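Numbering follows our numbering, in which position 679 of the sequence shown is assigned residue number 677; successive positions increment by one, without gaps.
What follows is a short report on a single structure.
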Amino acid sequence: MPNRLGGETSPYLLQHAGNPVDWYPWGDAASARARAEDRPLFVSIGYAACHWCHVMERESFEDAATAQVINDRFVPVKVDREERPDVDAVYMEATQLLTGGGGWPMSVFCTPDGYPFFAGTYFPPRQTRSAPSFTSVLLAVDEAWRLRRAEVLEQAAFVHQNIAEQLSPRLPSPRGDRGVAPRGGDRPTGGRPGNGVVHTSAHGRPAPSQRGERDGGPSAPPGAEEEFLDRATAAVTAAFDPVAGGFGRAPKFPHAEMIELLLRAGERGQEGPASAMAAATLDAMAAGGIYDQIGGGFARYSVDRGWLVPHFEKMLYDQAPLVSAYVHSWQATGTAEHLRVAQETVDYVLRDLAADGGGLCSSEDADSDGGEGRFYTWTPGELVEALGAARGAEMAGVFGVTPAGNFEGRSILHRAGAEDRACAEDVQRACEELRHHREQRPRPARDTKVLTEWNAMFLSSLCEAAGATGRRDWRVAAVDLGTFLVRELRRDDGRWMRSWQAGAARHLAYAADYAWLVDAFTRLGELTGTARWTDEAQGVADAMLDLFCLGPDDAVLYTTGHDAEQIIVRSREMADGAVPSASAVAAGALLRLAALTSRSDFGAAAQAIVEQLLPFMASHPQRFLRMARAVELRVFGTREITVAGQREDLVATVQRRWLPDAVLAWGEPTASPLFQGVRDGFAYVCENRVCAAPVGDPGALARLIDDRVVTPRRGPAFYDD
């Protein structure tokens, strides 16, 4: 019989709409039935591009016998983690607590009110040496629920207490008071953990610095932020792989924030090795199979140390920060290959992830044509078929395509070291021909939902790339994307939504959606010189602080707004995960917006977020790398650059440079003090309460910026009204 997912719009949920499992979407209906029938909830969490989610579906959720066991003993709930990051965060924390690891698919068993008591990830259909069969897990959980209820509830209480402490901990008040208590749901009865519950077999004119000067305001210990930056840089450099680039061993993820931290250290003239590590990592990834050599764009991660074999799914949230990293490296070093990779990746996103009706799709699947990576791999014969015998053989040498292959009898394209014998223009032409040839293959499925957070994340990167390269088509695309988001993802009452599909927006937006919108609209205003976008950024920032922040004494953002459904834990956005934390993105975006607008409240909010998290950041710097951007703005200050009048040559002089410490005001004047007392046709560069003499020549402006004529930076990025 059809289950209850047919009316959903999430492609992931719709993938399961035909399962014999009687799935419910997340909501009150499932809990009500579970209470009425005294059954546990089986909460299965994944996403559309997840390879192992597909495997578990084929093996278990499409199997009638397994589905019968689920339907008879549980109320099954399917969750798209990308639509509901609040739900995913809670149950991922539970899974990590109970198993020591986590991932997707995630399989969580809960009380009818949603308190988890047992969890895992992928379970095979038959028992292996390392895992019990899924059916045996189902039967054991059912038995424990029926026969050892007190132990189950005790374990649920223990798990809830621990995930609340991790996701919504008592934070030190910036005013020096005792910690702020977390907010969450009621707990189930019970205390100590139960053991063995489930048994299985197996940037204006600045006023004096505000740092620590607000009446009763937060004040970090002297030097704490500088120490955090030192520790974060040390942690990243210690993790660097000198053999293959990147960080750690295998699997290798393209950690863009690690690369950016090293690039910024190099931009400030710090130790040379940091820049070299960043360049080596960018080079290695660009040469590897993790990068789609003929279509552009990066896979989620590499399963091997040398970046050869990717996990083939492509996520929008990976393309965005990697575009920025490659653009920034090109701006800093002039490395043409890094520009090429950035251009190809932007082109990939705008071409292949463009959603019908506007916006950008979330991802492309790892699987196609019945197997993982089939769309991306080649044989020598296929190259000859596409390019002819001579060129096909030449490109086989360039891309390491051999008869034996390097992945299941086929070859993942990578730069194999033979490219220096081939003209770069020939290689690029061949790539274009191969891409068109590849389009005849069955494509990986796309997750066509448009997520506000990920679209705003890419919009931020696209704005930087468009300004850096002067690509007017990218500028048009950026304006179009911003316009789409405002038109489709914001309700008439001003509330932003999380997800858009087929003309409809669903789910209240989260803190991360708002934080990235602030950053994206600020950068879109800097790119276009259009006051509207800076105004939009301020409106989103005001709403964000109202919805997700309780005030200066409780500044770290909650994942959900105060108007949202309250689940068992109202989690905070603290450390980075697969994407940067909302608090880190918000802190950096608020500091930049404060510098542009002279809104001291934005700067104060950012300051409070940073200082409240500093104790955690000091202990685990590698988990707060996005926050390093905000800390750098506070420690080193912000340069404010104003171009008055119609001087696009001066604007381009600024935009072509990578200036992570600068904000740019130009075009339509706003109420910002940056536009007060300026003369048309001149550029103004200010920092640390001192402004250089205005200049009207692009060369003079370039020297002023590059030689840092203004006094040394030291101070905050926000000012008194």
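In this text, a Cβ means the ideal position worked out from N, Cα and C, and glycines have one as well.
A quick note: this is a predicted structure, and the numbers were derived from the prediction, not measured.
Query	Result
Would you list the residues sitting across from residue 309 in a DSSP beta bridge?	299
Count the CB pairs spanning the segment 484 to 498 and the segment 627 to 638 that are closer than 8 Å, and state whether there are at least three.	no
Measure from the alpha carbon of residue 520 to the alpha carbon of each residue in 454, 228, 47 and 475, then state which is nearest.	454
Within the chosen definition, does the segment 16 to 27 reach the segment 97 to 105 through at least 3 CB pairs nearer than 8 Å?	no
Count the other CB atoms within 10 Å of the CB of residue 267; is the residue buried (16 or more) or exposed (fewer)?	exposed
Kindly list the residues whose CB is nearer than 7 Å to the CB of residue 666, restricted to its own chain and excluding five residues on each side of it in sequence; keep chain order.	527, 528 and 529
Does the beta-carbon distance from residue 157 to residue 65 come in below 8 Å?	no
From the DSSP output, in three-state form, read off residue 677 for me.	coil
Let me check understanding here. Comparing Cα to Cα, which of 55, 332, 577 and 644 lies closest to residue 18?	55
Could you compute how far the alpha carbon of residue 706 sits from the alpha carbon of residue 683?	10 Å
Taking DSSP as the reference, what is the three-state secondary structure of residue 351?	coil
Note down, in chain order, each residue of its chain lying with its Cβ closer than 7 Å to the Cβ of residue 344, except the 5 sequence neighbours on either side.	321, 460, 463 and 472
Give every residue of the same chain whose Cβ lies closer than 7 Å to the Cβ of residue 52, excluding the five residues on either side of it in the sequence, and list them in chain order.	365
Can you list, in chain order, the stretches of the alpha helix (DSSP H) that have 4 or more residues and sit fully within the segment 29 to 103?	49 to 54, 62 to 71 and 83 to 97
Should residue 597 be labelled buried (16 or more other beta-carbon atoms within 10 Å of its own) or exposed?	buried
Indicate whether residue 120 and residue 80 have their beta-carbon atoms separated by less than 8 Å.	no
Alpha carbon to alpha carbon, what distance is there between residue 122 and residue 128?	10 Å
For residue 559, collect the residues of the same chain with a Cβ closer than 7 Å to its Cβ; drop the 5 residues on either side in sequence, then sort them by chain order.	506, 545 and 546
Looking only at its own chain, which residues have a Cβ that is under 7 Å from the Cβ of residue 59, when we skip the five neighbours before and after it?	14, 17, 19 and 65
Between the Cα of residue 553 and the Cα atoms of 323, 603 and 438, which residue gives the shortest distance?	603
Pick out whichever of 144, 475, 63 and 90 has its Cα sitting closest to the Cα of residue 133.	63
On the premise that residue 305 lies in contact with residue 287, defined as a C-beta separation below 8 Å, what is that separation, rounded to the nearest angstrom?	7 Å
Let me check understanding here. Comparing Cα to Cα, which of 124, 165 and 115 lies closest to residue 148?	115
Taking only three categories from DSSP, how would you classify residue 556?	strand
Does the segment 410 to 430 come close enough to the segment 388 to 399 to have 3 or more Cβ pairs within less than 8 Å?	yes
Using only the alpha-carbon positions, how far apart do residue 227 and residue 235 sit?	12 Å
For the beta strand (DSSP E) holding residue 118, just list the boundary residues, first then last.	114 to 118
Going by CA-CA distance only, name the one from 243, 653 and 106 that's closest to residue 76.	106
Rounded to whole angstroms, what is the Cα-Cα separation between residue 111 and residue 41?	12 Å
Do you know whose CA, among 434, 425 and 377, lies nearest residue 407's CA?	377
For a quick check, are the C-beta atoms of residue 535 and residue 589 less than 8 Å apart?	no
Note down, one range per segment and in chain order, each beta strand (DSSP E) of at least 3 residues found wholly within the segment 353 to 395.	none
Chain C beta carbons: is any one of them nearer than 8 Å to that of residue 138?	Among the protein chains of the structure shown there is no chain C, as only one such chain exists.
Give a yes or no on contact between the segment 324 to 337 and the segment 308 to 315, applying the rule of three or more CB pairs nearer than 8 Å.	no
With residue 588 as the anchor, note down where its alpha helix (DSSP H) starts and where it stops.	580 to 595
Identify, in the order they occur along the chain, each residue of the same chain with its Cβ nearer than 6 Å to the Cβ of residue 61, setting aside the five sequence neighbours on each side.	none
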